[in-house]
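J.: For the protein sequence lines, the chains are A and B, in the order given. In terms of the numbering used here, the first sequence opens at residue 1286 and continues consecutively. In terms of the numbering used here, the second sequence opens at residue 1286 and continues consecutively.
2 protein chains.
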Amino acid sequence: MHEHIAAVPLDKAYRLLNHGPTILVSSRHAGVQNVMAAAWACALDFDPPKLTVVLDKNVKTRALVENSGVFVIQVPTVAQIRLTSLVGSVSLVDDPHKLEHCAVQLFEMPGHDLPFVEGCSAWLACKLIPEPHNQQTYDLFIGEVVGAWADTRVFSEGHWHFETADPTLRSLHYIAGGHYYAIGQALDVDESNL
Amino acid sequence: MHEHIAAVPLDKAYRLLNHGPTILVSSRHAGVQNVMAAAWACALDFDPPKLTVVLDKNVKTRALVENSGVFVIQVPTVAQIRLTSLVGSVSLVDDPHKLEHCAVQLFEMPGHDLPFVEGCSAWLACKLIPEPHNQQTYDLFIGEVVGAWADTRVFSEGHWHFETADPTLRSLHYIAGGHYYAIGQALDVDESNL
Chain A
1286 MHEHIAAVPL DKAYRLLNHG PTILVSSRHA GVQNVMAAAW ACALDFDPPK
1336 LTVVLDKNVK TRALVENSGV FVIQVPTVAQ IRLTSLVGSV SLVDDPHKLE
1386 HCAVQLFEMP GHDLPFVEGC SAWLACKLIP EPHNQQTYDL FIGEVVGAWA
1436 DTRVFSEGHW HFETADPTLR SLHYIAGGHY YAIGQALDVD ESNL
Chain B
1286 MHEHIAAVPL DKAYRLLNHG PTILVSSRHA GVQNVMAAAW ACALDFDPPK
1336 LTVVLDKNVK TRALVENSGV FVIQVPTVAQ IRLTSLVGSV SLVDDPHKLE
1386 HCAVQLFEMP GHDLPFVEGC SAWLACKLIP EPHNQQTYDL FIGEVVGAWA
1436 DTRVFSEGHW HFETADPTLR SLHYIAGGHY YAIGQALDVD ESNL
């Protein structure tokens, strides 16, 4: 495993998505692999951790996920903003060399036959929970998180440390038309004293 | 309507949630109204706009939404961090005067029999699309957005303006244990020149 990557306990995995970052979906089937960007992914449950992600009928990733039954949701960083926009704009349908042209580097995690994107801050390996009605009617896919990892320079001991980490490790939050926000200032409420 | 509140065209409504803010859900049925906080809400479609929200079986809001078939998703601000934590911690089941004790002020929007929370930056009036299997199995509710509004001091002409608005109008992004992040710096990619 990479030097800065550490496993995240599954009961803390929801925290990797709780703040609503734009994510990358990666998948592989029968020798074809792809990476796409998506703003519409969301935690769904704590234990076992589950999440939802919207995969439009015109994206190549959808068939890869349906056919392999597995996928990775990962959290790209400010340093990856151009890569994120690129994989969200270029389709593997139009460009069979998309990943190369988008400068996406992939790596493997032991025990998971899945393509993981280098340079992200967090990775969630997911097993598709087939729900044909949701998939067909709403393009809505549900995954159970079966493995989670984070870059310890920005997430450790169950918490993000955006406030002290290098700003290029912050998460991206997409609006539209090439316009993003980075995650910002930390704010705390003493919940024992409300 | 309030001075700073303007309607958002429905085809731009997804942008109010696209950056993954923590939201407040409000609802009303048979004279009972409630407001709760949730991190697990997400855009689902553009046109007509739809969204998902997770409503646990132990929250009072769930019955109000199921019985009335309508609800509001609204985006609280940094100025409302304590209110957000409070309505996420106190249950109407335990405290019938929850809204008063949480200092929640509600207002009405013409044409919508729904309670809207004062001081938020955006509001999405939703009609429940009943999906009993999702609701029962995953606590997952789907709504069609039938009305959208935003505070023009921070969202106008289809775009958030966090970078120029008062910082207290920024969105909140919850992690866990009273720890939030505000939305941060604006970042742009020229998508015509990737």
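A virtual CB, placed ideally from N, CA and C, is assigned to each residue, including glycine. Keep in mind the model is a prediction, meaning the values are calculated, not measured.
So which residues of chain A does G1462 of chain B contact, with C-beta pairs closer than 8 Å?
T.: Neighbours of G1462 of chain B on chain A, chain order: E1476.
J.: Name the chain B residues whose beta carbon is nearer than 7 Å to that of F1447 of chain A?
T.: Under the 7 Å cutoff, chain B gives Y1466.
J.: If you measure beta-carbon to beta-carbon, which residues of the stretch 1363 to 1381 of chain B are closer than 7 Å to chain A?
T.: Under the 7 Å Cβ criterion, the stretch 1363 to 1381 of chain B contributes V1363, I1366, R1367, S1370, L1371, S1374.
J.: Determine the extent of the alpha helix (DSSP H) in which N1419 of chain A is found, giving its start and end residues.
T.: First-last of the alpha helix (DSSP H) with N1419 of chain A: 1417 to 1423.
J.: Tell me, which residues are paired with N1352 of chain B by DSSP?
T.: None; N1352 of chain B has no bridge partner.
J.: Answer with buried or exposed for N1478 of chain A, where buried requires no fewer than 16 other C-beta atoms within 10 angstroms of its C-beta.
T.: Under this definition N1478 of chain A is an exposed residue.
J.: Any C-beta of chain A sitting closer than 9 Å to the C-beta of T1307 of chain B?
T.: T1307 of chain B counts as touching chain A.
J.: Which residue wins for smallest C-alpha separation from T1453 of chain A, given the options A:A1461, A:G1443, A:D1436?
T.: Answer by Cα proximity: A:D1436.
J.: Provide the residue span of the beta strand (DSSP E) that contains H1458 of chain B, from first to last.
T.: It spans 1457 to 1461 - the beta strand (DSSP E) in which H1458 of chain B sits, taken as one unbroken run.
J.: For L1413 of chain A versus V1344 of chain A, is the C-beta distance shorter than 9 Å?
T.: For L1413 of chain A and V1344 of chain A, no; Cβs fall outside 9 Å.
J.: Residues of chain A with CB under 7 Å from T1437 of chain B, in chain order?
T.: None at all; the shortest Cβ gap to chain A is about 16 Å.
J.: Grab me the residues of H1464 of chain B's own chain with a C-beta within less than 7 Å of its C-beta, minus the 5 sequence neighbours each way, in chain order.
T.: Result list for H1464 of chain B: empty, nothing under 7 Å.
J.: Given a limit of 8 Å on CB to CB distance, which residues of the stretch 1418 to 1436 of chain B reach chain A?
T.: Listed by position, the residues of the stretch 1418 to 1436 of chain B near chain A (Cβ gap below 8 Å) are H1418, N1419, Y1423, D1424, L1425, I1427.
J.: To the nearest angstrom, report how far apart A1328 of chain A and V1439 of chain B are at their CA atoms.
T.: In a straight line, the C-alpha of A1328 of chain A is about 27 Å away from that of V1439 of chain B.
J.: Let's test the definition: count the other Cβ atoms within 10 Å of the Cβ of P1400 of chain B and tell me whether it reaches 16, buried, or not, exposed.
T.: P1400 of chain B is buried by the Cβ-count criterion.
J.: Can you tell me whether DSSP reads S1311 of chain B as helix, strand or coil?
T.: Looking at S1311 of chain B - three-state DSSP - the assignment turns out to be strand.
J.: Quick one: which unbroken beta strand (DSSP E) runs of 3-plus residues sit fully inside the stretch 1317 to 1373 of chain B? Chain order, please.
T.: Whole beta strand (DSSP E) segments, 3+ residues: 1317 to 1323, 1326 to 1331, 1334 to 1339, 1355 to 1360.
J.: Pick from B:T1362, B:V1293, B:K1342: whose alpha carbon is nearest that of T1422 of chain B?
T.: T1422 of chain B has its Cα closest to that of B:K1342, out of B:T1362, B:V1293, B:K1342.
J.: Using the beta-carbon of each residue, which ones in chain B are nearer than 8 Å to W1408 of chain A?
T.: What W1408 of chain A touches in chain B: nothing, since even the nearest Cβ is about 18 Å away.
J.: Please report how far the alpha carbon of C1387 of chain A lies from the alpha carbon of R1313 of chain B, in whole angstroms.
T.: Each residue's alpha carbon lies about 48 Å from the other.
J.: Could you compute how far the alpha carbon of T1337 of chain B sits from the alpha carbon of I1427 of chain B?
T.: Spanning the two alpha carbons is a distance of roughly 5 Å.
J.: Confirm, please, whether the CB-CB distance from V1389 of chain B to C1411 of chain B is below 9 Å.
T.: Contact flag unset, no.
J.: What do you get for P1334 of chain B, buried or exposed, if any count of 16 or more other CB atoms within 10 angstroms of its CB means buried?
T.: The residue is buried, with at least 16 neighbouring Cβ atoms inside 10 Å.
J.: Measure the Cβ-Cβ separation of L1309 of chain B and I1358 of chain B and say whether it is below 9 Å.
T.: A contact, by the Cβ cut-off of 9 Å.
J.: Quick one: is N1352 of chain B near chain A, going by C-beta distance under 9 Å?
T.: Not one chain A Cβ lies under 9 Å of N1352 of chain B.
J.: Thinking A1467 of chain B and G1469 of chain A are a contact (beta carbons under 8 Å), I'd like their distance in whole angstroms, please.
T.: With a Cβ gap of about 4 Å, A1467 of chain B and G1469 of chain A count as contacting.
J.: Is the distance from the Cβ of H1458 of chain B to the Cβ of G1305 of chain A below 9 Å?
T.: Their beta carbons are under 9 Å apart, which means H1458 of chain B touches G1305 of chain A by this criterion.
J.: Residues of the stretch 1297 to 1323 of chain A in Cβ contact with chain B at a cutoff of 7 Å, in chain order, please.
T.: Going along the stretch 1297 to 1323 of chain A in chain order, one finds R1300, N1303, H1304, G1305, P1306 with a Cβ nearer than 7 Å to chain B.
J.: Would you say A1388 of chain B lies against chain E (beta-carbon separation less than 9 Å)?
T.: Among the protein chains of the structure shown, namely A and B, there is no chain E.
J.: Within a Cβ cutoff of 6 Å, which residues of the same chain sit near D1473 of chain B, ignoring the five residues on either side of it in sequence?
T.: Taken in chain order, the list of residues that qualify is empty.
J.: Between the stretch 1332 to 1349 of chain B and chain A, which residues of the former have CB atoms less than 8 Å from a CB of the latter, in chain order?
T.: Those would be K1335, T1337, V1339, in chain order.
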